[in-house]
Structures are given as structure tokens and as C-alpha cells.
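Asks:
Protein chains: 2
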Amino acid sequence: MAMGEFDLIARFFSRPVRRAVLGGGDDCALLAPAPGQHLAVSSDMLVEGRHFLSTVPPLRLGHKALAVNLSDLAACGAEPLAFTLALALPRLDEPWLGEFARGLYDLADAHGVELVGGDTTAGPLNICITVFGQLPPGQALRRDGARVGDVLWVSHPAGGGIGDARLALECFRGQARVGDADWPGVRAAMEMPQPRVALGLALRGIASSAIDLSDGLVGDLGHLLRRSGVGASVDVDALPASPALRRQPPALRRECALAGGDDYELLFSAPAAAEAAVQAAARSAAVAVSRIGRIEAAAGLRLRDAAGSVVGAAPRGFDHFSA
Amino acid sequence: MAMGEFDLIARFFSRPVRRAVLGGGDDCALLAPAPGQHLAVSSDMLVEGRHFLSTVPPLRLGHKALAVNLSDLAACGAEPLAFTLALALPRLDEPWLGEFARGLYDLADAHGVELVGGDTTAGPLNICITVFGQLPPGQALRRDGARVGDVLWVSHPAGGGIGDARLALECFRGQARVGDADWPGVRAAMEMPQPRVALGLALRGIASSAIDLSDGLVGDLGHLLRRSGVGASVDVDALPASPALRRQPPALRRECALAGGDDYELLFSAPAAAEAAVQAAARSAAVAVSRIGRIEAAAGLRLRDAAGSVVGAAPRGFDHFSA
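Chains as they are written, first to last, in this note's numbering: chain U, 1 to 323; chain Y, 324 to 646.
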């Protein structure tokens, strides 16, 4: 007998809620942000072939669907509260749903966020999550606060870097290869991104601007620079890279680091005098950060090598309609 | 030249926001609910062939995508504030997007809600909206408040009824026919539902429970009864019906009214003594309401005719995975 929509919600997505006033099962969920706090809201939709491959295990897909949304809260310095899940499924595959729900809830538990509502329907596989966070008025990390002279920073795993998610995609596409020992870590970079929520919170009052890396460093930095009305130089030799990425040919390595996409690390600016505070914030969040450039008055982005020479043109950021 | 994702957002979905602290263009939107108010949240996902037909004009689709979400706020008695839009599009069809955005914004303007963020991507057509409303603590219309002896009410257009959306679907399917004069109204019932936001607000403190009719009267009433721990009798002869539906064969008429789906009217209970208050609320909201039954202690739903005799079994509610 086919499992119906309401059975599906009851079985896989109906855990008791504690932070919401009224949780799943009514027309709306009711949230009560702490008195005086602003509510931060973000939606991301994941489509097969665009945001994940059919090869992704459902546990990892559940993780990633929430992770990319939490990453938006991190980029605003917001404290995660809750999320809604809207899910279109081509069929009712109970083992798949069980694994998907497990990946989703494991990450939700790790960040103390609750699933408070949503929708399920039949249709081509599509996952739409909306996340809610809170933060004190005036303390949001915004895209428009970078100032000339600020240092540009990027977060990354200790001993790792950015670009591994793209490297994994190129391996799946047959355009790159990594050694057997490197593959699990490279693949996990694409399928199990870790949203930098603790770092975002720790950077409140320190970072002058922030954005999360979802479409590639060059594209996302471009948004930040345009919104802030400034330009920047980036030292391509300072971009953090994993040992696996460092073993790739230079052109691929640069493409992955500069235009990779799917990193879900934080790119942020801070006054030069705040370097110790940035490092302390990173330590408190148990994540590494690297200085990768500087905010400049001249519009646009200049890529330089360690010697300061301008090298090549910036590749375009990833765009879902033209890539 | 293909229009990219960011151009699409800038061109069609970037109007200035007034009610949000920080609107589209950053990682999150920031909302500031009025002090002490709870935030009501709901998500609905619309998939072609399930929630709308390929024949729907894009202006009406934009309207409906927001309307079904506002209807959830109405069913909670919440005041609409804002919404996010996540949109997967198979191609960049600019005239289509222009019309879709117009239908969306026209309804948003009518209800004073702002588009504060979202996501666009390539993929099979999918529209996921999350709406936000606010309401004072303890004043939400909930599904679990119906009490034995309460009267059951349903809203509907003056001179019209419920079931026309299903009748329109049956006409598109070739299973029913209506006269040329009736067709525009019947079709509009399916494609341009009017969320009963004003009625929901007016029913705060009057209705004991409420739900919006999205899956059909019997199915939605079933949710309300189960959550409230009560049963009900419904007088099938008291169900409001449009002249077009009244001209249909009795079996089809009953199917449309009882299990139609897509009505987006409010089904609610209120103490018998509140009849005058319910009627006044409906007048203030410029919508009609009809008494259709009564809450009873015995579990389950009994369908009766005007003489009080039990007639037939209740058809099932619409379920997206088994219908």
C-alpha cells in the first residue's frame, strides 16, 4: 500500500519541537525570537544535477540541504533557531527517506535547530529549506561593510583549503583524478560541507563584511565588493589548498580555488588592526582562517602572486543559468 | 546572450523592501517582528501537474503560489509580513517571468507583504514560498481548539461556494462541462484563489479552531477533528455551492464540495453563542460564511442531509502521493 503524504510527514519528519511555540501539524509554525532580536531568514533550493549528483548518498544529501542554508546564517552572524523543509519526491522510497532524515536531523541537532514545518509533494526531486536565526539589531555581518585597507580572510579546514568541492565534481565528471587516500576527504568536501556558524557568531563586531562561498571565490567576492563600493587584490598564492588540490595541475588548482563553488566557507573582511581578534575568533570556532588579500579603493578584483605581480584575469563565478 | 541567475533576480524580483531591516541581496533577510509578537511561518511548494496545470497563465500562477501560502497565515489569524521565493525554472522565459512576477506582486501589494529573499535555479518548474506573519501570543487560530457543541463554519464568495476549483480541474480533465458563462468564474476559483486573511484576523478571539481548505473539506476537517479530539456532523445540503456547481450531477457536485481541494477557504469552529460575532467578522472581511455542521463528542465525521439522516460515507481527502 502506498504511503500517503501525511504518513510520510508523521513517520520521518515529526519530532517534538522545543523552541517553537507551535510546531509541525498546524497551518503555521509559531516562533518566538528572543525579545528585541531581529530574525534572519534565508531560503535555498537544491535540484539534482545542479546542486547535487545522483550519486550522493541520501544521508549526505540531508546534511547538505540544511548545511547550505545554515551557511547563510553563518555569513550573517546569526544564531540558528529553526527551519522549514519543502520536499518534492519522485517516489516514496522509505530507506532513502530514512537516511535523508537522519543526515538532516544529525546536522540540525549539532546546531540546535528545529524542523518546525514544511510541505511534501510528489514531483521531480527538489529540496527547499528556509532557515531562521536571530541576532541583536545592528550586529549582522553584511556584504556592504568592507572598507579600503581592510584585510580579506577566508575560513577553511585546518590543514585544508577551498576548492576541494569543485575538485570532487571534476573527478565525478571524469575531468580530474585524485589518489585513493585523498578521495574520501575530497568527496566529503562536496557532499558534507560544514557551515561555519560558530565562526560567524564569533566574528560579530570584528568582521566589517562577510559572505559565504557558494558560487566560487571570485563570484562571491564580486558581490561583496560591489555592495561595499570597493575593489580588492587577492594573492592567489595565499589561497589555502588541501594537499589533494596541491597535487593537481596548476590550471585546475587555480580554477577550483578561484571559481570552485560549493565551499561554504566564510569570506570576510576586517580592519588590519583586528588580526589578533580574527585569529582568536577562528580558534574559538575551531576553524582555520587565512589572509588572502586586501580591500582597495580601485573598483574590481586584481589577482596577484606572492611577489605582487598581477596574474591573469579573474574567472567568472558560477551561475546556475549560464555555467 | 543568456540571462544569468543574478540578472534574473535583479530584473524581476528586486523591489525595494520597507518592512524588512535588510532585504534581498545579502545572505539573509532580517525581519523585525513588532515587540512581543510571535512569528507565524509556513512553506508551500507548487509542482506542475500536482498544484497547477501547464495551461495556467503565468500571472495567475504567480498569484496562486503566494495565495496558498497567505491562506496558511489566514488559517492561523496571523498578519502577513513578508515572504521568500525559491524558484526552479526549466528555462529563462522573460515574458513568462514578467507575468509571473506581476501576479505575485499584485497579490503581495494587496496584502502588504514584501518579498525579502529567495533563490533561483535551473531545474524542473518548482515554486517554493515561505511566508511570515505576526500575531500576539496566545491569539493564534489553531487546529486543536474545537469543542463539543461548537458550530462548524466555512467561508466562501458571496453567492458562491466551495468545490469550484475541483469542478474546474474536472473540466480541464474532460470529466465535466460548464456553460460558457460559468467557465471564467469556475476557472478563476482554481487559478486565482483569494486567501481569507482579513477573515482570519477578524476571527481571533471568536473561532475556537480553524484550518484552510487545501486538500478538500473532508480531509481537512479530519485533521481538525483529530487534533481537537472530537467528531462532527456536516449537513451536506448546507454546503455552499455556486450556481455552476449546482447545475452539475449530484455525485460530481458532492465530490467537488466534500473532497474538492484547492478551495483556500477557511473552515472553522466557534461556540454557538458566537454566531453574531462570526457574522460580523465575515461582514468586516467582505466574505460570506455558512454554517455547515456541529462539533460532536463521538469521534469521526458523519455526513447528514437537511433532515438529519446520515448519507453515504465520507470520501477521502486529497493526498499528493495516493490521489
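Don't be surprised by glycine CBs; every beta carbon is placed ideally from N, CA and C.
Just to make sure I have the definition right: I need the residues of chain Y whose C-beta is within less than 8 Å of the C-beta of S42 of chain U. Which are they?
Replies: Chain order gives the chain Y residues near S42 of chain U as D350, C351, A352, T407, G440, where near means a beta carbon separation below 8 Å.
Asks: Looking at V311 of chain U and L301 of chain U, is the spacing between their C-beta atoms short of 8 Å?
Replies: no
Asks: Anything in chain U within Cβ reach of P447 of chain Y, meaning under 8 Å, just list it in chain order.
Replies: V47, G123, P124, N126
Asks: Give a yes or no on whether the C-beta atoms belonging to I162 of chain U and L213 of chain U are separated by under 8 Å.
Replies: yes
Asks: Between I211 of chain U and chain Y, is any beta-carbon pair separated by less than 8 Å?
Replies: yes
Asks: For V509 of chain Y, collect the residues of the same chain with a Cβ closer than 6 Å to its Cβ; drop the 5 residues on either side in sequence, then sort them by chain order.
Replies: D487, L490, A491, V501, A567
Asks: Look at G426 of chain Y and G385 of chain Y and say whether their C-beta atoms are less than 8 Å apart.
Replies: yes
Asks: Buried or exposed: which applies to E94 of chain U, given that a residue is buried once 16 or more other Cβ atoms fall within 10 Å of its Cβ?
Replies: Burial call: exposed.
Asks: Comparing alpha-carbon positions, which option in U:H223, U:A238, U:E191 lies nearest G231 of chain U?
Replies: U:H223
Asks: Start and end of the beta strand (DSSP E) containing A82 of chain U?
Replies: 79-89
Asks: Counting only Cβ-Cβ distances shorter than 7 Å, please list the residues of the stretch 555-581 of chain Y near chain U, keeping chain order.
Replies: none
Asks: Are the C-beta atoms of D72 of chain U and some chain Y residue less than 8 Å apart?
Replies: Chain Y places a beta carbon closer than 8 Å to that of D72 of chain U, counting this residue as a contact.
Asks: So, does the CB of H38 of chain U fall closer than 8 Å to a CB anywhere in chain Y?
Replies: yes
Asks: Output needed for D467 of chain Y: all residues of its chain with C-beta closer than 6 Å, excluding positions within five of it in sequence on either side, in chain order.
Replies: Excluding residues within five positions, the ones whose Cβ falls inside 6 Å are R550, S551.
Asks: How is the alpha helix (DSSP H) around D487 of chain Y delimited, first residue to last?
Replies: 487-495
Asks: Under 8 Å, with one C-beta from each stretch per pair, do the stretch 144-154 of chain U and the stretch 472-482 of chain Y reach the 3-pair mark?
Replies: no
Asks: Does A609 of chain Y get closer than 8 Å to chain U when you measure Cβ to Cβ?
Replies: no
Asks: Is the distance from the Cβ of S531 of chain Y to the Cβ of A593 of chain Y below 8 Å?
Replies: yes
Asks: What would DSSP say about M513 of chain Y, mapped onto helix, strand or coil?
Replies: helix
Asks: Going by DSSP, what residue range makes up the beta strand (DSSP E) through S531 of chain Y?
Replies: Where S531 of chain Y is concerned, there is no enclosing beta strand (DSSP E), given that its DSSP letter is neither H nor E.
Asks: What would DSSP say about H63 of chain U, mapped onto helix, strand or coil?
Replies: Collapsing the DSSP output to three states places H63 of chain U in a helix.
Asks: What is the DSSP secondary structure of R294 of chain U, reduced to helix, strand or coil?
Replies: strand
Asks: Give me, in chain order, the residues of the same chain whose beta-carbon lies closer than 8 Å to that of R253 of chain U; leave out the 5 immediate sequence neighbours on both sides.
Replies: G163, A241, L245, R246
Asks: Take R373 of chain Y as the anchor and find which of U:L225, U:G159, U:A122, U:L266 has the nearest alpha-carbon.
Replies: Looking from the CA of R373 of chain Y, the closest CA among U:L225, U:G159, U:A122, U:L266 belongs to U:A122.
Asks: Tell me T121 of chain U's beta-bridge partners as DSSP assigns them.
Replies: T121 of chain U is bridged by DSSP to U:A88.
Asks: In chain order, what residues of the same chain have a beta carbon less than 8 Å from the beta carbon of A257 of chain U, not counting five sequence neighbours either side?
Replies: G161, I162, G163, L217, V236, L239, A241, L245
Asks: So is P33 of chain U in contact with chain Y if we call contact Cβ pairs under 8 Å?
Replies: yes
Asks: Which of the three DSSP states, helix, strand or coil, is assigned to L303 of chain U?
Replies: Three-state DSSP puts L303 of chain U in a strand.
Asks: Using only the alpha-carbon positions, how far apart do R173 of chain U and A285 of chain U sit?
Replies: 34 Å
Asks: Does the beta-carbon of Q457 of chain Y have 16 or more other beta-carbons within 10 angstroms, so that it is buried, or is it exposed?
Replies: By the neighbour-count criterion, in which 16 or more other beta carbons inside 10 Å mark a residue as buried, Q457 of chain Y falls on the buried side.
Asks: Using the beta-carbon of each residue, which ones in chain U are nearer than 8 Å to A424 of chain Y?
Replies: Neighbours of A424 of chain Y in chain U, taken as residues whose beta carbon is under 8 Å from its own, are absent, since the nearest beta carbon is some 16 Å off.
Asks: Quick one: grab the DSSP three-state call for D93 of chain U.
Replies: coil
Asks: DSSP three-state label for V131 of chain U, please.
Replies: strand
Asks: In chain order, what residues of the same chain have a beta carbon less than 7 Å from the beta carbon of L430 of chain Y, not counting five sequence neighbours either side?
Replies: H386, L389, A390
Asks: For L396 of chain Y, which option in Y:A605, Y:V612, Y:I534, Y:D628 has the closest C-alpha, if you only look at C-alpha atoms?
Replies: Nearest C-alpha to L396 of chain Y: Y:I534.
Asks: Using a Cβ-Cβ cut-off of 8 Å, state whether T55 of chain U counts as contacting chain Y.
Replies: Judged by the 8 Å Cβ criterion, T55 of chain U is not in contact with chain Y.
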